[in-house]
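Student: Going by the UniProt record's numbering, the residue at position 856 of the sequence shown is 856; the numbering climbs one at a time, nothing skipped. We put the CB at the ideal spot given by N, CA and C, even for glycine.
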Amino acid sequence: MVFACFADSAFSQAGGLGNFGTLGGVEPNSTTYPPQEYFVALRIYRSGDLENATDAFENALHRTRKDINGRWIDAIPVYAMLGECYWHLGMLPKVRENVDAAMQIAIRYRGWQNRVDWDSAVRQGVQLSPTRGLWPEAAAIKRIPVADRLQIGSGQHLTEQALAQGGVIEEFNIRSMDIVEIIRGLAIASYRKRVLMGPLANQDPLSSELAEAIDTAGLSQPIAQSMLGCVRASARFSNGDDRRAVQETLKTTTFAGGVHPISAIGLLLQAAAIAESDKGEGMLAASMATAHAAAALEQSEWVGEAFQLAAGAATPKEALAVRAKAELAANAMLPDSRLAALHCFVAAADAAVSAGDLDSATRLVAQARALSERRDVLMPRVQAYGSYVAARLAAARGDAFGIGLGSGNQSVVDQTYQSMQSFAFNNRINNRRFVSMPSLYQLNLVGQAIGSRAGGATSDELLAYYCGEPPLPLWRRDPVDALTFATFDRSVPLAGRLALSTSGSDGGSVLRRCDELLADRFAQSLPMSGRVAQVRRLARADDAQLPADALQFRANGPGAIKELRQSVLDLRKQAAAGLDNDTILQAGSEQEAMASFIALSRLSLPRLVPQRIDRDAPVENLPPRTVLVTFVYSNKRLYTTTAADGNIQSAVSPIGRTPAAIAGLLRSIGVGKTRGGRLPEDDSWRKDAAALMKTLLPDTELFKSGSFDRLVIVPDGPLWYLPFELLPIDGEESETLGQKYSITYAATPGQVLEPATAAETNQTIGLIASRFFDPRDLENNQSIADSIVAAADKSIMMPTDTPTASLVIGNEIGNLLVAVPTAMDPSDPFKFRMIPYDQSKVGATLGGWMRFPSIVPHSVALAGFRSQAEAAKLGDGRELFMTICALRTAGVQNILVSRWAVGGESTAILLREFAQELPFTGMRSAWNRANGVLRRSDLVPSAEPLLISGDQKREVLTGEEPLFWAGYLLASPVQAE
1 MVFACFADSA FSQAGGLGNF GTLGGVEPNS TTYPPQEYFV ALRIYRSGDL
51 ENATDAFENA LHRTRKDING RWIDAIPVYA MLGECYWHLG MLPKVRENVD
101 AAMQIAIRYR GWQNRVDWDS AVRQGVQLSP TRGLWPEAAA IKRIPVADRL
151 QIGSGQHLTE QALAQGGVIE EFNIRSMDIV EIIRGLAIAS YRKRVLMGPL
201 ANQDPLSSEL AEAIDTAGLS QPIAQSMLGC VRASARFSNG DDRRAVQETL
251 KTTTFAGGVH PISAIGLLLQ AAAIAESDKG EGMLAASMAT AHAAAALEQS
301 EWVGEAFQLA AGAATPKEAL AVRAKAELAA NAMLPDSRLA ALHCFVAAAD
351 AAVSAGDLDS ATRLVAQARA LSERRDVLMP RVQAYGSYVA ARLAAARGDA
401 FGIGLGSGNQ SVVDQTYQSM QSFAFNNRIN NRRFVSMPSL YQLNLVGQAI
451 GSRAGGATSD ELLAYYCGEP PLPLWRRDPV DALTFATFDR SVPLAGRLAL
501 STSGSDGGSV LRRCDELLAD RFAQSLPMSG RVAQVRRLAR ADDAQLPADA
551 LQFRANGPGA IKELRQSVLD LRKQAAAGLD NDTILQAGSE QEAMASFIAL
601 SRLSLPRLVP QRIDRDAPVE NLPPRTVLVT FVYSNKRLYT TTAADGNIQS
651 AVSPIGRTPA AIAGLLRSIG VGKTRGGRLP EDDSWRKDAA ALMKTLLPDT
701 ELFKSGSFDR LVIVPDGPLW YLPFELLPID GEESETLGQK YSITYAATPG
751 QVLEPATAAE TNQTIGLIAS RFFDPRDLEN NQSIADSIVA AADKSIMMPT
801 DTPTASLVIG NEIGNLLVAV PTAMDPSDPF KFRMIPYDQS KVGATLGGWM
851 RFPSIVPHSV ALAGFRSQAE AAKLGDGREL FMTICALRTA GVQNILVSRW
901 AVGGESTAIL LREFAQELPF TGMRSAWNRA NGVLRRSDLV PSAEPLLISG
951 DQKREVLTGE EPLFWAGYLL ASPVQAE
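Next comes the structure, spelled out in structure tokens:
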């Protein structure tokens, strides 16, 4: 398919040549082609002053030839180098504009290379002396003495027949031009176009036309075949034909035992093409060869880029040599090219970190920083690469990403990573925001294609690529772009894949893509879009909890993964043996730094947070007599899947008035009402509930069949606020889902089917209570709290006289009950304080619980949680979704959370019975029993702080009122019991 519209190419061998005989043309005053201003701009560019270089190239463009067809071939290198300036500035739409312009000129004047006098290309009898100041490998390279200017003929002899043909008329002319710089510019434009377009390159017709336009069949001169062969290879590389590109560069990058002016870019694209292979064998050698050749040819702009590729290809052992060569090159380039020097310093530091030489890396980062802070140096892309390396270095030295920290307390890793991300996602130049990273530019093109359907249906395979992890070739070439890929918003391609899945009858495909979309929503909210969390999961999960690919990665992956895993296992044993909490917390900080370093490394990590369902057998682990119903809102549609007995059915429906209907049902049972009385006078709410049942679960036969006894709901959006227990199965007077089935909830299908952890041996229950049961009588409130603690053996009131740090609270208790009214800020969910009395900046927060050492309770009940169900306008369920996902990620197995806070004697009855049963029967059975006890209990209106004045006159009040029990939702994996 075509992701963008390309300008039509005009095919002409004759173009306007101004004063040389063309009608309507403009001949610049310059007598060189390209103009002399171009070479001045090239020197400024190599100095690292991109702002002035861009202006200089724009000035040079105005000095090139122009006629009725547009610019002539002398503009090709100017457009190419403008593209390079905009590349380093991070203005990718401008890059595309300029490289396309260069390629269009070459296509429009196709065949021009056949009019060049190639016989005089090699200066006979001339031997070039080595470039001074280079390192030995570069100085030893033989340079072919290629002439700066070659004769080229254009136009045609004017005859009656030629005049009769019409069109642009140009008399035959011969002029001297820097042909080599023109074809070098064409190779540069082609190379950068491929880097820009990535996997979309093979859908670019302009690149395909260019490869066809560069025809060397009629040329007999070997030097022409060699140099133009490199250009044709770059065009093939631009079109995604890596195999042929590499084959051609192997034949054409050298000539007569030396290098020609196009060799450097030919070797560079060879290294980049090899990077696309599975193992990247030969990439390091090609990258180093590029650096040596580019330096010898005085094309310093490619030296730094080559060493960046070398740093990405090197193993830890090889990285030592790369560091040494890159540092040597940086110092050699510094007098003449600050652009190359800065890039080499950063690449050298990158390699030093990979090699574990942190002292050298620190020194090199400092040198790079000092150079980048000069007034005459502006190189945002290289500086972003430097920020990435600085973040890796900080993590290697023991720093870590923070969760829940204030902006004034950021770690070095946070600061440097955010600097890199600022360039990647918020690059502003003159108050205009530009897309700066190729992967993000490509994603925007995909999004436009999905919206317009230009060129046909979007490829599902291509969408799957942009929904996945950054591939290893991308990590090798550009770690900043790889991290951009890992962290950009995938909602558009995920929604596109979900929509495509409904075109067939494969319900399993729909369920998998629902799972991917929901899991990605949580991952996107985590640091590095979940990469740190993936590493934590890899390190601390038991073998039975990980899928096969993750187990293989942990066993065969980098040594840092194995080291972190062993650290976790050792600390686990030591903690069980009574290691003091301060030592445990210190070890956890060290593990967190290791996890941050691994997350920043060039690795494609298995996606484990949240864990996805099995690709081939999505509901194989669903127990018998269990139904899984998943809802997903996407693009104003509601996707529903129902899985039971190995079968998966799917349906799509408009959202309609479902959110309003949910709000109406909640108000009818008393949630959020502030006038009169909260409690309904009758069961009229059942009518609203029956309507919702018909809308959401129209297949009543399944629910009437009695073929299952457990229902698991994965809600989305406002459905998080809906107590599915209230929905009548077959009409408003019929039995409800909650009466017939045991209902649990989950944030994603993968969490439902995730293997359970080992049974908890510590059954101690810890209760944290505030003025929740009787806010007007503190003494009675405390008495009620004490009665809950007394109801179960091994129960304690928290905090104790010597409070345990929140991060290791699982060492003290196995079950936590929080009877405190709490609310989450949905815009910053990880700052939600799990332990209200703990004022530490990290440990007591939801985000802190996900960090190492993460010794948390097996079960958590948040009885006073207040969601947006109580608000005047329903929210999107984010606060409930994030709470459950984060707690499960932290290692909490079973979660009970309230949609609205009730308090009073009704909550005390629930928690008292719940605490009594929890150690013996597990959370689900204990909750079902406690719920039943509450609904059979008589209540006193004055003992229920949730009720208002209109409810106080009730003579009969029981716990059967949905307001008292329907707001709680229980989330636990189906294999937990």
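Please state the DSSP three-state secondary structure of P728.
Tutor: Walking along the sequence shown from the start, residue 728 turns up at place 728. Residue state, collapsed to three classes: strand.
Student: Between which residues of its own chain and A264 is the CB-CB distance below 7 Å, once the five residues before and five after are set aside?
Tutor: Counting from 1 along the sequence shown, the entry for residue 264 is found at position 264. T290, A293, A294, L297, Q299, W302.
Student: When DSSP builds the beta bridges, which residues end up paired with Q773?
Tutor: One-based indexing of the sequence shown puts residue 773 at position 773. Per the sequence presented here, residue 773 reads as Phe, with Gln not at that position. For F773, which the question treats as bridged, DSSP gives no partner whatsoever.
Student: For a test of the three-state rule: what should DSSP assign to R912, helix, strand or coil?
Tutor: Translated into positions along the sequence shown, residue 912 becomes position 912. In the structure shown, R912 sits in a helix (DSSP, three-state: H, G or I).
Student: With 16 other CB atoms within 10 Å as the buried threshold, where does F920 fall?
Tutor: For the purposes of this step, residue 920 is taken as residue 920 along the sequence shown, with counting starting at 1. Burial call: exposed.
Student: Using the three-state DSSP reduction, which class does R512 fall into: helix, strand or coil?
Tutor: One-based indexing of the sequence shown puts residue 512 at position 512. Of the three classes helix, strand and coil, the one that applies to R512 here is helix, per DSSP.
Student: By a C-beta neighbour count over all protein chains shown, 10 Å radius and 16 as the cutoff for buried, is R776 buried or exposed?
Tutor: Residue mapping note: residue 776 aligns to position 776 of the sequence shown, counting from 1. So R776 ends up on the exposed side.
Student: Would you identify the three-state DSSP class for L947, choosing helix, strand or coil?
Tutor: Within the sequence shown, residue 947 is the residue found at index 947, counting from 1. Residue state, collapsed to three classes: coil.
Student: Distance check for M333 and S47, CA to CA, integer angstroms please.
Tutor: Taking the sequence shown and counting its residues from 1, the one referred to as residue 47 is at position 47. Taking the sequence shown and counting its residues from 1, the one referred to as residue 333 is at position 333. Going from the Cα of S47 to the Cα of M333 covers about 10 Å.
Student: Does the Cβ-Cβ distance between D828 and S806 come in under 7 Å?
Tutor: Counting from one through the sequence shown, the residue named residue 828 turns up at place 828. Counting from one through the sequence shown, the residue named residue 806 turns up at place 806. Contact flag unset, no.
Student: Is T54 helix, strand or coil by DSSP?
Tutor: As a first step, residue 54 is located in the sequence shown; it is residue number 54 there, counting from the start. Three-state DSSP puts T54 in a helix.
Student: Counting only the same chain and skipping the five closest in sequence on each side, list residues whose C-beta sits under 6 Å from that of Q13.
Tutor: By 1-based counting over the sequence shown, the position of residue 13 is 13. Residue placement at Q13 is flagged as unreliable, the pLDDT there being 35, under the threshold of 50; a coordinate-derived value is accordingly withheld.
Student: With 16 as the cutoff for other CB atoms within 10 Å, does V974 come out buried or exposed?
Tutor: On the sequence shown, residue 974 is found 974 positions in, with the first residue counted as 1. Label assigned to V974: buried.
Student: Tell me which same chain residues have a C-beta within less than 6 Å of the C-beta of S734, skipping the five on either side of it?
Tutor: As a working note, residue 734 is residue 734 in the sequence shown. Counting only Cβ-Cβ distances below 6 Å, and skipping sequence neighbours, we find P728.
Student: Over what stretch of residues does the alpha helix (DSSP H) that includes M197 continue unbroken?
Tutor: The residue given as residue 197 occupies position 197 in the sequence shown. Per DSSP, M197 belongs to the alpha helix (DSSP H) from 179-197.
Student: If I follow the unbroken alpha helix (DSSP H) through T416, where does it start and stop?
Tutor: Position 416 of the sequence shown, counting from 1, holds the residue named residue 416. Looking at the DSSP string, the run of the alpha helix (DSSP H) that includes T416 is 412-425.
Student: Under the assumption that R512 contacts I613 (Cβ atoms under 8 Å), give the Cβ distance between them as a whole number of angstroms.
Tutor: Here residue 512 refers to the residue found at position 512 when the sequence shown is read from its first residue. Here residue 613 refers to the residue found at position 613 when the sequence shown is read from its first residue. Between I613 and R512 the Cβ distance is about 6 Å, and since that is below 8 Å, they are a contact.
Student: How long is the line joining the alpha carbons of R710 and Y639, rounded to whole angstroms?
Tutor: Here residue 710 corresponds to residue number 710 of the sequence shown, with the count starting at 1. Here residue 639 corresponds to residue number 639 of the sequence shown, with the count starting at 1. One C-alpha to the other measures close to 21 Å.
Student: Would you list, in sequence order, the uninterrupted alpha helix (DSSP H) runs of no fewer than 4 residues that lie entirely inside the stretch 343-381?
Tutor: Counting only runs of 4 or more, we get 358-372.
Student: On the criterion of 16 or more Cβ atoms from any shown chain inside 10 Å, does L970 qualify as buried, or is it exposed?
Tutor: Start at 1 with the first residue of the sequence shown, and residue 970 comes out as number 970. The residue in question, L970, is buried, as its Cβ has 16 or more Cβ neighbours within 10 Å.
Student: Tell me, which residues are paired with L638 by DSSP?
Tutor: The count along the sequence shown starts at 1 and reaches residue 638 at position 638. BP columns for L638 point to Y633, S653.
Student: Determine contact between the stretch 98-115 and the stretch 263-280, defined as no fewer than three beta-carbon pairs at a distance below 8 Å.
Tutor: Not touching, per the Cβ criterion.
Student: When the Cα atoms are used, what is the spatial distance from L846 to V808?
Tutor: Within the sequence shown, the letter at position 846 stands for residue 846. Within the sequence shown, the letter at position 808 stands for residue 808. Taking the straight line from one Cα to the other gives about 13 Å.
Student: Can you tell me which of the three DSSP states N59 falls into?
Tutor: Here residue 59 refers to the residue found at position 59 of the sequence shown. Helix, per DSSP.
Student: Name the one or two DSSP bridge partners that M797 has.
Tutor: Residue numbering aside, residue 797 sits at position 797 when the sequence shown is read from its first letter. Note: M797 sits in a beta bridge opposite L767.
Student: Closest to R497 by CA distance: which of F485, R477, Y466 is it?
Tutor: Taking the sequence shown and counting its residues from 1, the one referred to as residue 497 is at position 497. Taking only the C-alpha atoms, the option nearest R497 is Y466.
Student: Just checking my contact of P34 with P77 at CB under 8 Å: how many whole Å lie between their CB atoms?
Tutor: In the sequence shown, the residue the question calls residue 34 occupies position 34. In the sequence shown, the residue the question calls residue 77 occupies position 77. Right, the Cβ-Cβ distance comes to about 5 Å (below 8 Å), so this counts as a contact.
Student: Among the residues of its own chain, which have a CB less than 8 Å from the CB of W118, if the five just before and after it don't count?
Tutor: By 1-based counting over the sequence shown, the position of residue 118 is 118. Same-chain partners within the cutoff: L150, L219, Q221, I223, A224.
Student: Please report the residue range of the beta strand (DSSP E) in which I895 lies.
Tutor: Counted from its first residue, the sequence shown places residue 895 at position 895. Unbroken beta strand (DSSP E) run through I895: 894-898.
Student: Go through its chain and collect everything with a Cβ distance to I152's Cβ below 6 Å, but skip five positions before and after it.
Tutor: As a position in the sequence shown, residue 152 is number 152, starting the count at 1. R115, V116, M177, listed in sequence order.
Student: To the nearest angstrom, how far is it from the Cα of residue 978 to the Cα of P130?
Tutor: Residue 978 cannot be examined here, being either before or after the span of the chain that is shown, 1 to 977.
Student: Examine the Cβ distances between the stretch 473-488 and the stretch 579-588 and report whether three or more of them are shorter than 8 Å.
Tutor: The stretch 473-488, when compared against the stretch 579-588, does not touch it at the 8 Å Cβ threshold.
Student: Looking at L862: is its Cβ nearer than 7 Å to the Cβ of V897?
Tutor: Position 862 of the sequence shown, counted from the start, is the residue given in the question as residue 862. Position 897 of the sequence shown, counted from the start, is the residue given in the question as residue 897. Yes, the Cβ-Cβ distance between L862 and V897 is below 7 Å.
Student: What is the rounded straight-line gap between the Cα of E318 and the Cα of R602?
Tutor: As a working mapping, residue 318 is identified with position 318 in the sequence shown. As a working mapping, residue 602 is identified with position 602 in the sequence shown. So the alpha carbons of these two residues sit roughly 15 Å apart.
Student: With a 10 Å radius around its C-beta and 16 neighbouring C-beta atoms as the bar for buried, classify Q124 as buried or exposed.
Tutor: Looking up residue 124 in the sequence shown gives position 124. The residue is exposed, with fewer than 16 neighbouring Cβ atoms inside 10 Å.
Student: Using the three-state DSSP reduction, which class does G15 fall into: helix, strand or coil?
Tutor: Along the sequence shown, one-based indexing puts residue 15 at 15. Because G15 carries a pLDDT of 36, less than 50, the predicted location of this residue cannot be relied on, and the following value inherits that uncertainty. Looking at G15 - three-state DSSP - the assignment turns out to be coil, as it is neither helix nor strand.
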